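Chains A and B, in that order, give the protein sequences.
The numbering of the first sequence is the working numbering, which starts it at 27 and goes up by one.
The numbering of the second sequence is the working numbering, which starts it at 27 and goes up by one.
The beta-carbon is built from N, C-alpha and C at its ideal position, and this holds for glycine as well.
Just so it is clear, the structure is predicted and the values come from calculations on it, not from any experiment.
Following: one structure in structure tokens, then a few remarks.
Number of protein chains: 2
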Amino acid sequence: MSLAGVTQDEVRRHNLAALVRFLHDHGSTSRSELVSHTGLNRSTVGGLLSDLVAADLVRETEPVGRGVGRPSYGVEPVVDSAYVLAIDLRVDRTIAALVGFGGVVIERREHRYRKGQPREDRIVAQLVEVCHDLLRSAPPGAVMVGVGVGVPGLVRQPDGLVRFAPNLGWVDVPLGEHLADALGLAVPIVVGNDSDLGAISERLRGSAVGAANVIYLSGQVGVGGGIVIDGNLVMGAQGYAGEVGHMRVNPRGRACRCGAIGCWETEIGEPALRLATGCPNGMPVAEIVARAATGDKTAAKGLRTVGGWLGVGVANLVNILNPDVVVFGGTLREILPATREAVSAAVSGALTAPGEHVVLALPALGDDSTLLGAAESAFAPLLEDPLGVIAAGRGTRLVGLHAGAGPSPRG
Amino acid sequence: MSLAGVTQDEVRRHNLAALVRFLHDHGSTSRSELVSHTGLNRSTVGGLLSDLVAADLVRETEPVGRGVGRPSYGVEPVVDSAYVLAIDLRVDRTIAALVGFGGVVIERREHRYRKGQPREDRIVAQLVEVCHDLLRSAPPGAVMVGVGVGVPGLVRQPDGLVRFAPNLGWVDVPLGEHLADALGLAVPIVVGNDSDLGAISERLRGSAVGAANVIYLSGQVGVGGGIVIDGNLVMGAQGYAGEVGHMRVNPRGRACRCGAIGCWETEIGEPALRLATGCPNGMPVAEIVARAATGDKTAAKGLRTVGGWLGVGVANLVNILNPDVVVFGGTLREILPATREAVSAAVSGALTAPGEHVVLALPALGDDSTLLGAAESAFAPLLEDPLGVIAAGRGTRLVGLHAGAGPSPRG
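Okay, here's the thing in structure tokens:
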């Protein structure tokens, strides 16, 4: 709304959204804190809260605070009021969860593929199965807001077409559409890039809380990046921004799956790590790092080499984007601690001003950054128009309940 | 205002700002267009326009449009109502201009340094002289909004300290403060990075109009970048974002002034171009390009090499940021047309999805991108709070007029 005008309805929705967003992000709080956070006056906040309480999204508790001045009513999000399904789709497994309002994981499932990577239709079938299973744990009366899916590949926005996911072997797969048809739920399905979603959740609830400029790196076979600038995820023109793994850093390096020579991921991805350390295919990254730490000189030397390249690319990103925090996710969670000296040295080789500022961090959400980011992307409609979404959801749910079948089928 | 609440005063200021921004950016328009652009109703727009007309910022003209329906009043910005001073500070010269509301250049000065690059205090003294000279051309009664300065270096935001401008030989120079003291004007002085300002103006009035995601490259001795994402300039954590010239692309390359090896600017900056083409120091880039075009094989080969490296870096930026447009400014304005084939080939080596989308463009504002961007940065307060700035400026101006000395001195 930077250019357009504002109507009264928009103002009210905006203010309701500000309260709901704050409660979702921060959890329990007080009326006074909401007043000071929003800059609205006390009676306006009171009126908005009444609406949210009536919608069962929010609960008011006994006055808290016994110090000077009036005690202030406590306000807390009702976790069971609304939920999403979140899916982290990986090359070797899927992780799925039912996540409640406030970002609380209610139920979680992990499913490893037994014999190699299945075809897309098989993956969709598995996702449908796990989603229906999770929905049986949905709190009674709760409104389902949406489904969020993270994919390791280029995802076009806003339609969520997976343009290119080399490690899944996918080109132009309309995953969101297929999943919507197969799931038959009357809620939006949001498909996003795994690193983008990792950046969102680490900034909201992880290692980069409060940081406006964040890069989340996700190492797997390839390396992806999620970039947050001024608190907003950078999508780029069509949603493909963040393909930092295809930054060319070594003109005399290896051929990349993308067709170019010397891409960053050919120096720091899983295959590059195995090659550099002389470790066999299939050995987990954690084990390679452990080998290097316990006297395997080839592994130690290879790991240092990978660390040096990791630093070169991070220094480039620091110079280009001047981030507050870089978070090292996926396989880089294992690699950073073992190579921190080399990485820090390379980052010191960035320009002094941005280089001295940046923090190199591990993901506080551990292995769940993408999963929780997928949940956030699915919660977006509720955070933008809380009462509208709850009202629509209740209508839907009533139909579903009468039919005795949980969330109602699409159409 | 993404999280905070909104008051009525803010709504009115926001709506006034929306109208003024539109008029500044687009020039003459009509009431209907403002109605449809802002989404506000006709009477609200009429009321806001009355206030702007009363402030002399806007003029209403005879109804335009003779088609079906009511004719709509024309609305135009009053160029002479408000102005800024804009300065493009370069290594070999300064360019300064008096720019009126709507982004119209009223008066322009260019001053080449005669014997090498002067010291900072001498530059400030020259800027003061040229500014006072320009102020004599200020329209009578017009409100001075601010001063904008573009500098080829790292500029800390929001205070405008020049942290590092290697080609000016500056480290930690508080240019804005020095200039404010020396100029003695009661308006804000905004110091920005030259490429950032180029990006702003090319997006507003140049080759990237309507594009949400833009990279403006500025080639000089070094190479800078201004990055626009979703319509907003990327500053990074402290204002240093965009140092694309220090992206390391060639680990076996040359030492860079920044201390690292193989930075992009060591392959595509002016010195690299001279080295590659075998042309002498001091030869203008346009002449080097002309040599290559007229049979000098060494020059032609060298130019192709530089073009190849230019492409590598652009492809990296395309992968990282998925821009709509890359604009080639400064020396790259001469280099791109002569190396477009090599650059395009390298960009085709980026990932297909973002690579097929990006447009490689020359700056439509020619050599003035930074100058006009500096003007925009100085106009910002007027575009955020039009009536507030005009009221404050009128108070100031009255004092000045009584003293018979144009814009009043500070304090």
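Status (buried if at least 16 other CB within 10 Å, exposed otherwise) for residue i
| i | result |
| --- | --- |
| B/Ser76 | exposed |
| B/Pro178 | buried |
| A/Val110 | buried |
| B/Ala108 | buried |
| A/Arg145 | exposed |
| B/Arg68 | exposed |
| A/Ala372 | buried |
| A/Arg57 | buried |
| A/Gln246 | buried |
| A/Cys382 | According to the sequence shown, residue 382 of chain A is Glu rather than Cys. Flag for A/Glu382 reads exposed. |
| B/Glu88 | exposed |
| B/Val275 | buried |
Nearest-angstrom Cβ-Cβ length linking residue i and residue j, presumed shorter than 8 Å
| i | j | result |
| --- | --- | --- |
| A/Gly250 | A/Asp220 | 6 Å |
| A/Arg189 | A/Leu180 | 4 Å |
| A/Ala341 | A/Gly375 | 6 Å |
| B/Leu413 | B/Leu42 | 6 Å |
| B/Leu409 | B/Arg47 | 5 Å |
| B/Gly172 | B/Val213 | 5 Å |
| A/Leu398 | A/Ser227 | 4 Å |
| B/Cys305 | B/Ala326 | B/Cys305 to B/Ala326, Cβ: 12 Å. No contact. |
| B/Gly176 | B/Ala400 | 5 Å |
| B/Gly271 | B/Gly248 | 5 Å |
| A/Leu329 | A/Thr365 | 6 Å |
Secondary structure of residue i, DSSP reduced to three states
| i | result |
| --- | --- |
| A/Arg134 | strand |
| B/Ser28 | Residue placement at B/Ser28 is poorly supported in this model, since its pLDDT is 44, which falls under 50; the coordinates still yield a value, given next. Note: B/Ser28 maps to coil in three-state DSSP. |
| B/Cys284 | coil |
| A/Ala387 | strand |
| B/Arg162 | coil |
| A/Ala122 | strand |
| B/Gly210 | coil |
| A/Phe48 | helix |
| B/Arg231 | helix |
| B/Gly426 | Confidence is the limiting factor: at B/Gly426 the pLDDT is only 35, short of 50, which leaves the residue's position unreliable, though a coordinate-based value still follows. Here B/Gly426 sits in helix by DSSP. |
| B/Asn348 | coil |
| B/Gly271 | helix |
| B/Asp411 | coil |
| A/Leu75 | helix |
| B/Val84 | strand |
| A/Val181 | strand |
| A/Leu444 | Coverage of chain A is limited to positions 27 through 437, which leaves residue 444 of chain A absent and any answer about it impossible. |
| A/Cys289 | strand |
| A/Asn307 | coil |
| A/Asn276 | coil |
| B/Leu223 | helix |
For residue i, the residue or residues it bridges with in DSSP
| i | result |
| --- | --- |
| B/Ala108 | B/Val169 |
| A/Tyr99 | A/Pro89 |
| A/Ala191 | A/Trp196 |
| A/Gly355 | A/Ser244 |
| A/Ile253 | A/Ile241 |
| B/Leu201 | According to DSSP, which records beta bridges pairwise, B/Leu201 is partnered with nothing at all. |
| A/Leu115 | A/Thr120 |
| B/Val217 | B/Val175 |
| A/Ser56 | A/Gly100 |
Top-ranked residue by Cα proximity to residue i, from the options
| i | options | result |
| --- | --- | --- |
| B/Ala225 | B/Asn41, B/Leu391, B/Asp198 | B/Leu391 |
| A/Leu124 | A/Asp159, A/Arg116, A/Gly328 | A/Asp159 |
| B/Glu313 | B/Arg359, B/Asp198, B/Gly252 | B/Arg359 |
| B/Trp264 | A/Ala237, A/Arg280, A/Gly248 | The sequence shown places Gln at residue 264 of chain B, not Trp. Residue A/Ala237 is the option with its Cα nearest to B/Gln264. |
| B/Arg317 | B/Ile361, B/Cys157, B/Glu367 | B/Ile361 |
| A/Thr55 | A/Gly419, A/Leu66, A/Ile149, A/Val101 | A/Val101 |
| B/Asp185 | B/Thr33, B/Ala387, B/Gln152, B/Gly174 | B/Gly174 |
| B/Asn239 | A/Asn239, A/Ile255, A/Arg229 | A/Ile255 |
| B/Gly337 | B/Ala368, B/Ile346, B/Pro363, B/Asn345 | B/Ala368 |
| A/Ala387 | A/Ile241, A/Pro306, A/Arg280, A/Val415 | A/Ile241 |
| B/Pro415 | B/Glu402, B/Leu45, B/Thr33, B/Ala81 | Sequence check: residue 415 of chain B is Val here, not Pro. It is B/Ala81 whose Cα lies nearest to the Cα of B/Val415. |
| B/Asp222 | B/Leu205, B/Leu243, B/Phe127 | B/Leu243 |
| A/Gly126 | A/Gly339, A/Leu347, A/Leu49, A/Ala364 | A/Leu49 |
| A/Arg182 | A/Val61, A/Leu78, A/Glu203, A/Val84 | A/Glu203 |
| A/Val117 | A/Tyr139, A/Thr396, A/Val130 | A/Tyr139 |
| B/Ser403 | B/Gly339, B/Arg134, B/Gly218, B/Val275 | B/Gly218 |
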